[in-house]
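Report on the structure given below.
In the working numbering, the protein residues as written are 27 to 165.
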């Protein structure tokens, strides 16, 4: 769902830039209204966004991140940061994001147990359940 065209830009507007109203998201992204509406609907159905009524007549809604959507924030920021550093051809136009304390926002992955920074060579994967461990109880 986040790989659909316009979905990431809509999430950027909501999560990072604080735009919650449909018309503002359309204006800032340039997305076609019908396609953006479909993307927002699929993000809502997936539990990433929730609509909140802010005007009754006509009914108008704002879009806000759910808990699942908030968990995507770090991922979205990491993708944006990577693109700004390695893909952008106009680095003078990079938008700097700042924490509420005023410091420039930077993300790094750390081990929850020891607090050390994690590099690709530091990671191993382990499965708790293997397909061969699953026993069929039918028949």
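We put the CB at the ideal spot given by N, CA and C, even for glycine.
Predicted, not measured: the structure shown is a model, and the values here were computed from it.
- Uninterrupted beta strand (DSSP E) stretches at least 3 residues long and entirely within the region 67–99 occur at 75–81, 86–91, given in chain order.
- Residue 122 carries a coil assignment under DSSP once its states are collapsed to helix, strand and coil.
- Taking 9 Å as the cut-off, the Cβ atoms of residue 41 and residue 96 count as close.
- In this structure residue 65 is buried. Its beta-carbon is surrounded by 16 or more other beta-carbon atoms within 10 angstroms.
- Straight-line measurement puts the Cα of residue 108 at about 26 Å from the Cα of residue 89.
- Here residue 33 carries a helix assignment [DSSP, helix/strand/coil].
- In the displayed model, residue 136 falls within a strand according to three-state DSSP.
- Listed in chain order, the non-local C-beta contacts of residue 78 below 7 Å within the same chain comprise 87, 88, 90, local neighbours out to five positions each way being set aside.
- If you look at residue 55, you'll find it in the alpha helix (DSSP H) that goes 48–55.
- The residues 42, 123, 131, 133, in chain order, have a CB closer than 8 Å to that of residue 103 in the same chain once the five nearest residues on each side in sequence are set aside.
- The Cβ-Cβ distance between residue 136 and residue 144 falls below 9 Å.
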